[in-house]
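*Asks:* In the numbering used here, the protein residues as written are 3 to 340.
By construction, the Cβ of each residue, glycine as well, lies at the ideal position given by its N, Cα and C atoms.
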Ligand SMILES: [Zn+2]
Ligand SMILES: [Zn+2]
């Protein structure tokens with residue numbers, strides 16, 4: 003149970019009672035995420051999460067109880083679900099912008115033995131896990147779904163050069179995705195050398211340490227002076243949002259992916275947007291369609307997410323896991339196993 007900033011306690015709570023259309027799942031694996039770490043450290047995502055609560059949102063497990071009225075899933079089905087389910091009938095959903103649903107429901111509670119999946123989520127965002135992948139791999143469906151939505155919005159094309167700011171879990175997933183989409187050159191920027199090494203191992207053609215090197219200059223050099231075709235910001239700070247604008251070529255696309263603190267503003271050069279025909283766009287969350295695609299990619303090993311799980315820990319050590327993530331930049335994702 004998360005009570006407040008850095009106040010995480012292991013407690014016994016009642017197993018949720020299942021109603022009509024709902025499903026109870028025994029969690030077999032969960033993965034940590036930057037959003038969870040943000041909530042743990044700053045608590046400011048409180049608008050979408052009410053404390054105290056069980057938290058975590060990337061998980062997979064076995065169905066152990068099926069509510070009335072459901073033909074699927076059955077007891078024993080291996081599933082992953084959520085962390086969101088759009089309503090399908092609001093103005094945004096009717097325009098196909100399911101990630102912007104006005105009545106989105108969210109599910110927290112991955113770091114627990116049991117999680118109850120709400121009825122709407124069972125219908126629109128629960129998938130059976132193919133036998134060849136582990137629960138922990140399946141748990142990574144959620145962040146990969148967000149990334150697939152992002153790279154689709156950015157319109158990455160065959161032969162593109164792509165600069166990615168941030169080599170955390172989200173930046174690395176972007177790297178894996180753009181390589182599969184045919185990026186000719188992926189340039190990953192971070193200030194932590196260990197993370198840049200991981201990026202290089204995962205296929206980045208070039209890595210830049212922003213703490214020691216001139217990022218703008220280096221990106222220019224490796225793109226024949228033009229700048230990258232696509233720049234993806236995967237950190238969520240105004241400074242790096244602005245840096246992204248300096249790395250893109252004329253006519254290129256900047257995808258501002260990382261969520262900045264509330265109230266953040268950035269400076270955009272109007273001349274660059276006008277004469278340089280710049281596209282600057284945001285991306286938020288993802289859609290049930292992308293959850294499906296992400297799970298399929300993980301299952302087929304088209305995108306191999308296993309290298310992102312750098313450590314496994316027991317559920318009762320969840321507090322320690324977040325201490326580790328707070329202090330060590332070496333860990334990418336920690337697999338939490340009940
Ligand atoms: Zn996540
Ligand atoms: Zn909706």
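At a threshold of 7 Å, does residue 123 count as lining ligand 2 (C-beta to nearest heavy atom)?
*Replies:* Checking the Cβ of residue 123 against ligand 2 gives no.
*Asks:* Just the C-alpha distance for residue 290 and residue 128, rounded to the nearest angstrom, thanks.
*Replies:* The alpha-carbon atoms of residue 290 and residue 128 are separated by roughly 9 Å.
*Asks:* What residues come near ligand 1, if near means a beta carbon less than 6 Å from any of its heavy atoms?
*Replies:* With the cut-off at 6 Å, the residues found are 35, 37, 59, 60, 144, 145.
*Asks:* Since residue 326 is in the beta strand (DSSP E), which residue starts that stretch and which ends it?
*Replies:* Unbroken run through residue 326 is the alpha helix (DSSP H), 320-329; no beta strand (DSSP E).
*Asks:* Runs of 3 residues minimum, wholly inside the segment 202-234: which ones carry the beta strand (DSSP E) assignment?
*Replies:* Listed in chain order, they are 208-211.
*Asks:* For residue 105, is the beta carbon positioned less than 7 Å from some heavy atom of ligand 2?
*Replies:* Yes, the Cβ of residue 105 comes within 7 Å of a heavy atom of ligand 2.
*Asks:* Among 333, 86, 59, whose alpha-carbon lies nearest the alpha-carbon of residue 288?
*Replies:* Comparing Cα positions, the closest option is 86.
*Asks:* DSSP has residue 87 in a bridge; who is on the other side?
*Replies:* According to DSSP, residue 87 bridges with 107.
*Asks:* Tell me, please, whether the segment 95-115 touches the segment 64-79 by the rule of three or more beta-carbon pairs shorter than 8 Å.
*Replies:* Cβ pair count under 8 Å is below three, so no.
*Asks:* Can you have a look at residue 59 and say buried or exposed, based on whether 16 or more other CB atoms are within 10 angstroms of its CB?
*Replies:* Buried, by the Cβ-count rule.
*Asks:* Tell me which residues share the same chain as residue 261 and place their Cβ nearer than 7 Å to its Cβ, disregarding the 5 neighbours each side in the sequence.
*Replies:* Excluding residues within five positions, the ones whose Cβ falls inside 7 Å are 238.
*Asks:* Please state whether the Cβ-Cβ distance between residue 236 and residue 170 is less than 8 Å.
*Replies:* Closer than 8 Å, so yes.
*Asks:* Identify whether residue 37 lies in helix, strand or coil by the three-state DSSP scheme.
*Replies:* If DSSP states are grouped into helix, strand and coil, residue 37 belongs with the helices.
*Asks:* Within 10 angstroms of its Cβ, does residue 245 collect 16 or more other Cβ (buried), or is it exposed?
*Replies:* Looking at its Cβ environment, which holds 16 or more other Cβ atoms inside 10 Å, residue 245 is buried.
*Asks:* Considering only their Cβ atoms, is the gap separating residue 213 from residue 230 smaller than 8 Å?
*Replies:* For residue 230 and residue 213, no; Cβs fall outside 8 Å.
*Asks:* With distance defined between alpha-carbon atoms, name the residue in 142, 300, 198, 205 nearest to residue 180.
*Replies:* It is 205 whose Cα lies nearest to the Cα of residue 180.
*Asks:* Rounded to a whole number of angstroms, what is the C-alpha to C-alpha distance between residue 1 and residue 5?
*Replies:* Here the chain has residues from 3 to 340 only, and residue 1 is not among them.
*Asks:* Could you tell me which of 221, 241, 240 sits nearest to residue 232, measuring between CA atoms?
*Replies:* Among 221, 241, 240, the Cα nearest to that of residue 232 is on 221.
*Asks:* To the nearest angstrom, report how far apart residue 149 and residue 336 are at their CA atoms.
*Replies:* Rounded to whole angstroms, residue 149 to residue 336 spans 19 Å at the Cα level.
*Asks:* Can you give me the C-alpha to C-alpha distance between residue 136 and residue 93, rounded to a whole angstrom?
*Replies:* Between residue 136 and residue 93, the C-alpha separation is close to 37 Å.
*Asks:* Is residue 61 helix, strand or coil when you go by DSSP?
*Replies:* Strand.
*Asks:* What would DSSP say about residue 94, mapped onto helix, strand or coil?
*Replies:* It is helical.
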